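Q:
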Amino acid sequence: MKHNFNAGPCILPKIALENSAKAVLELDNIGMSILEISHRTKEFEAILEETKSLWRELLGIPEGYQILFLGGGASLQFCMIPFNLLEKKAAYLDTGVWASKAIKEAKFFGEVNVIASSKEKNYTFYPKDYTIPKDVDYLHITTNNTIYGTELKVDINSPVNLIADMSSDIMSRPVDVSKYAMIYGGAQKNVGPAGVTFIIVREDILGKVTRPIPTILDYRNHIKEGSMLNTPPCFPILVMKETLKWLKSIGGLGEMQKINEAKAKLLYDEIDRNSIFVGTAEKDSRSIMNICFIMNEKYKHLEEEFMTFAKSKGMVGIKGHRSVGGFRASTYNALPKESVQALVDCMKEFEKMKA
Ligand SMILES: *Cc1c(COP(=O)(O)O)cnc(C)c1O
């Protein structure tokens with residue numbers, strides 16, 4: 007048995023994989039695969055509609071917001087956002103590699119005010135002390151820093167349009183969507199496979215910049231065409247639908263949050279108890295999705311050995327990102343608690359052998 011802690015693409019619910027596999031062979035008795043039909047068919051239109059309504063229902067998306075499913079990844083949004091929304095100046099929180107990539111793109115379009123950064127401490131905490139300026143077109147934040155394992159677990163109040171990259175913690179907890187002007191992310195961390203990007207945008211923020219925007223990069227055109235300005239990523243959308251159906255079946259986001267918090271507590275408690283390991287993120291910034299830890303100085307030389315040991319016990323994807331080192335266990339929605347328990351057991355056993 008494999009315990010899949012991959013950071014993204016990552017583990018998906020088994021039932022979602024099974025139903026998607028069926029749709030690849032034949033979609034609902036129509037004699038053709040999901041991969042073979044036009045996106046203009048009533049069959050695909052129904053899939054798209056159901057996916058959108060699952061988003062609306064699970065997240066409680068209010069009126070006035072549009073949902074788009076596009077290609078290009080969260081990375082394309084790093085430039086599409088300022089293209090469509092940055093007239094003069096925007097504020098950004100610099101909380102990790104992804105946030106700084108977003109900052110880099112915004113600078114092509116206007117002035118960027120980085121109002122807080124945790125860079126000098128290698129992004130080990132989520133900044134709290136900052137003032138949001140009122141003279142900016144928007145504030146951009148990254149709610150979960152996938153690489154460093156820090157997370158902003160609350161919906162902040164912002165006097166300006168708040169835009170959030172939620173690639174790696176979307177649907178992990180209930181969110182007050184009304185506090186955001188826009189929420190976006192790549193699906194491949196928590197809601198589906200690679201290939202589809204979700205965008206939830208409050209329509210009234212669009213159409214305010216004076217620069218011309220190429221057709222395919224203008225959100226308004228995608229809204230007008232209902233995510234069908236060009237061929238949408240049909241299959242990733244179907245897998246996303248199946249993933250969200252599973253999420254609904256287990257009780258939705260309130261229930262999911264409880265499960266995720268319990269999984270994270272199980273692992274963090276062991277990291278704090280075990281004499282060999284130490285967590286890298288400051289405690290009040292700890293992510294419930296990506297859990298980063300390294301070995302204590304004294305045991306640093308055993309890193310490779312633990313990796314091999316964990317692998318032999320079925321752990322997959324626990325190598326830390328090169329900018330943090332050590333280990334990272336991603337505990338996304340679909341990861342069962344049993345897998346976290348298996349990793350904890352592994353850490354306990356290793357301590358018995360070595361400490
Ligand atoms: C993975 C990730 C991205 C990049 O997503 P792509 O879909 O590969 O462009 C951006 N932001 C965050 C927070 C991520 O975790």
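With the working numbering, letter number 173 in the sequence shown gets 179, and the count goes up by one each step, no holes.
Backbone N, C-alpha and C fix where the C-beta goes; we use that ideal spot for every residue, glycine too.
From a predicted model like this one, the values you see are computed outputs, not experimental measurements.
#1: Kindly indicate which three-state DSSP category PHE11 falls into: helix, strand or coil?
#2: Using the C-alpha atoms, what's the distance from GLN83 back to ILE256?
#3: Is the region 197 to 204 close to the region 304 to 319, with three or more CB pairs under 8 Å?
#4: Rounding to the nearest angstrom, what Cα-Cα distance links VAL118 and LYS107 in this structure?
#5: Report the rounded CA-to-CA distance for ASN12 versus SER345, giving the unit in angstroms.
#6: At the level of alpha carbons, what is the spacing between SER184 and TYR136?
#7: Rounding to the nearest angstrom, what Cα-Cα distance links ILE53 and MET234 in this structure?
#8: In angstroms, rounded to a whole number, what distance separates the CA positions of LEU41 and LYS28?
#9: Taking the runs of the alpha helix (DSSP H) that are 4 residues or longer, which of them lie wholly in the region 183 to 253?
#10: Over the uninterrupted alpha helix (DSSP H) stretch that includes GLY79, give me the two end residues.
#11: State the DSSP-derived secondary structure class of GLU32, mapped to helix, strand or coil.
#12: Can you round the beta-carbon distance between ILE297 and LEU273 to whole angstroms, since I take them to be within the 8 Å contact cut?
#13: On a Cα-Cα basis, can you pick out the residue from SER44, GLU357 and PRO342 that is closest to MET7?
#14: Counting only the same chain and skipping the five closest in sequence on each side, list residues whose C-beta sits under 8 Å from that of MET264.
#15: Quick one: Cα of LEU204 to Cα of SER174, how far?
A: The structure says:
#1: coil
#2: 31 Å
#3: no
#4: 12 Å
#5: 12 Å
#6: 22 Å
#7: 13 Å
#8: 11 Å
#9: 225 to 230
#10: 79 to 91
#11: coil
#12: 5 Å
#13: PRO342
#14: It should be noted that the sequence gives Lys, not Met, for residue 264. No residues qualify anywhere along the chain.
#15: Before going further, note that residue 204 is Phe rather than Leu in the sequence given. In a straight line, the C-alpha of PHE204 is about 12 Å away from that of SER174.
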